[in-house]
Each structure stands twice: as structure tokens, then as C-alpha cells.
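Peer 1: First the structure, then my questions, so here it is.
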Amino acid sequence: MRSLAGLVAVVAGASVYLYLLSTHLPPGPPLQEDGGVHEYRLKFPSDLDELRELAEMFKFYKREHHSYVLLLFCSAYLYKQSFAIPGSSFLNMLAGAIFGPWEGLVLACLLTTTGSTFCFLLSSVFGKHHVVQLFPDKVALLQRKVEENHSSLFFFLLFLRFFPMTPNWFLNITCPVLNIPLPIFFFSVLIGLIPYNFICVRTGSILSEISSLDDIFSWGTLAQLLVIALWALVPGALIKRYGKDRLKVDGMDSNGTSQVDIQHDRKRR
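Spelled out as C-alpha cells, the structure:
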């Protein structure tokens, strides 16, 4: 109970900090709408136009208030990653739109790794027994696979990042339960999520530069997206080739469960 109260206190404190940071924006660029002028309000985009508008607003802040926009973006990313909240693809795309493909990629990789490490530490301090209680079958399966691949543990974790048989957020909260050393966890995240981060960041950079949905289907844009996809497949293919001979991942599906577990669940129903 004490561990749960501590986790709630950490989440509450981080939430208050992020709320105060996001609601005290410096003056932004005036926008024309319905013949009048108004200031843009920070919100999650629901379509391409809003994504471009948000990217333009952040680009303005980057020019005029660079330290603030960097602090806000890093804080939001670390908050999401530390507390296992979905949305990394959107934030990676936003990083590409604001900071460009290469600076955005470096930033996304560093924030993904740092946030995942915070999630690892939070789970280690506050939630290890809660993880076991909530996901006993999945934890048991991963425990068996970690023991079977103990001699190639780093490559096994890379394999799971390249081919997400288990969601990344679940790996982050489960690795402390599996007694994965923090250095191995850290570098497996840093290296293993580079292809995913690259795809999202480069896509965000491309989308921020187009003026309409028709531009997505231009030969230039399609060629860039094809190169991105091919580049991202190379490290995964190498790990998969290595995994055929050295790693034992039989029985795991895309949700991190085994066929035996599925049949067992069906019998219980």
C-alpha cells in the first residue's frame, strides 16, 4: 500500500509540474481565423492541418523561446514515457516537424531511453509486486524466455524491441521483475528503438513540409518513405537472422503470450 501511495504522489507531482508548464506559455504567434486574429492554444492535433499548425507554432517558439519549447517537449515526452502512456509515435513525429530529421532523431532516442529508464526505476521501487499480480502469465512467460536466453540476453532484448512481441511499455515495467541489469536494459532501448524512432521522426519531418494530402502521394514523398522503410528493416533483419540460431523465442505471439497460455485461458472459460 505504501508503494502505491508513493507512486501516486510521484504521478501527481509530475502532473502538476507539466500542467503549470503547459499553461504558462509565452505569447505565441497571432493566427488569422474568420476575419479575426487570435492566439493559438496548445492542444493535441486531430488532423493534418492541426498537426501543421501545431508544428508551426512550436517552430515560432523555437525561434523566439528556444529553451522553453525544448523544456516543454522534453517534459511531455518524459512524462509519457515514464508512466507508460501511449503516444510515442505522435511525439516522435512532432520532434521531426519541430527539430528536423536528425536533431529530432537524436532527441527522440535520448528521451525514449531516459523515459524508459525512469519507468524501469519506478517499477523497481514502487510496482514490482503489482506487475506480477496484474500480469502473472505474461511475466512467467517472459521469465522463462529470459532464462532460456540468458547467454544472449542483450540480443534477446534487442529482438523484442525490433519485433514487438511484447509492447515496449510492458517490457519497461517488467524488466525489474525479471532482474534485468539496468545497463543492459538502457542500451537495449537506446539501440533497439532507433529504427522505430527514425521512421516516426522522418515521417513527421515530411508531413510538416507538405501543403495538402495529395502531396503525400507524390513520387518524391513516396520515394522518401520507401527509403525510410527499407533502412529500418535492415537492423531488424540482422537481429532476426542472428535469432534463428542463438535466440529462443518460440511460442511467443505479438502480444507477448504463448500458444499454451492461450489454450489454457480458453479451457478456463
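full-length UniProt numbering puts the sequence shown at residues 1 to 269.
We treat Cβ as the ideally placed atom computed from N, Cα and C, and that holds for glycine.
1) Are there 16 or more other CB atoms within 10 angstroms of the CB of residue 113, so buried, or fewer, so exposed?
2) Got a sec? Which residues, its chain only, sit under 6 Å from residue 79 by beta carbon, not counting five neighbours each side?
3) Going by Cα to Cα distance, which pick from 102, 151, 108, 69 is closest to residue 87?
4) Which residue wins for smallest C-alpha separation from residue 146, given the options 127, 181, 118?
5) Going by beta-carbon coordinates alone, are residue 207 and residue 95 separated by less than 8 Å?
6) Is residue 100 helix, strand or coil by DSSP?
7) Are the Cβ atoms of residue 81 and residue 111 separated by less than 8 Å?
8) Buried or exposed for residue 123, please, with buried defined as at least 16 other CB atoms from any protein chain shown within 10 angstroms of its CB.
9) Less than 8 Å between C-beta atoms, sequence neighbours within five positions excluded: which residues of the same chain meet that for residue 132?
10) Let me know if residue 22 comes out buried or exposed under the rule of 16 or more other beta-carbons within 10 Å of its beta-carbon.
11) Between the C-alpha atoms of residue 179 and residue 65, what's the straight-line distance to the nearest angstrom?
12) Less than 8 Å separating the beta-carbons of residue 171 and residue 160?
13) Please classify residue 69: is it buried, with 16 or more other beta-carbons within 10 angstroms of its beta-carbon, or exposed?
14) Can you grab the Cα-Cα spacing for the pair residue 151 / residue 16, in whole Å?
15) What do you get for residue 202, buried or exposed, if any count of 16 or more other CB atoms within 10 angstroms of its CB means buried?
16) Would you mind stating whether residue 142 and residue 117 have Cβ atoms separated by less than 8 Å?
17) Quick one, which of 149, 101, 10, 3 has its alpha-carbon nearest residue 83's?
18) For residue 89 versus residue 200, is the C-beta distance shorter than 8 Å?
19) Just confirm the distance between the C-beta atoms of residue 93 and residue 204, as a whole number of angstroms; I'd bet it's less than 8 Å.
20) Might you give, ordered along the chain, the residues of its own chain that have their beta carbon closer than 7 Å to the beta carbon of residue 77, omitting 5 neighbours on each side?
21) How long is the line joining the alpha carbons of residue 191 and residue 106, rounded to whole angstroms?
22) Sorted by chain position, which residues of the same chain lie with C-beta nearer than 7 Å to residue 169's C-beta, five sequence neighbours on each side aside?
23) Between which residues of its own chain and residue 104 is the CB-CB distance below 6 Å, once the five residues before and five after are set aside?
24) Can you tell me where the alpha helix (DSSP H) holding residue 194 begins and where it ends?
25) Give me the Cβ distance between residue 127 and residue 7, rounded to the nearest whole Å; I'm assuming they're in contact under 8 Å.
26) Taking residue 173 as the reference, which of 187, 135, 183 has the closest Cα?
27) May I ask you to report which of helix, strand or coil DSSP gives residue 183?
28) What is the DSSP secondary structure of residue 135, counted as helix, strand or coil?
29) Say whether chain C places a C-beta atom closer than 8 Å to the C-beta of residue 187.
Peer 2: On the basis of the supplied data:
1) buried
2) 14, 18
3) 108
4) 181
5) no
6) coil
7) yes
8) buried
9) 139, 177
10) exposed
11) 42 Å
12) yes
13) buried
14) 44 Å
15) buried
16) no
17) 10
18) yes
19) 3 Å
20) 91, 111, 115
21) 12 Å
22) 84
23) 95, 96, 201
24) 194-207
25) 6 Å
26) 135
27) helix
28) coil
29) Any reference to chain C falls outside this structure, which holds one protein chain only.
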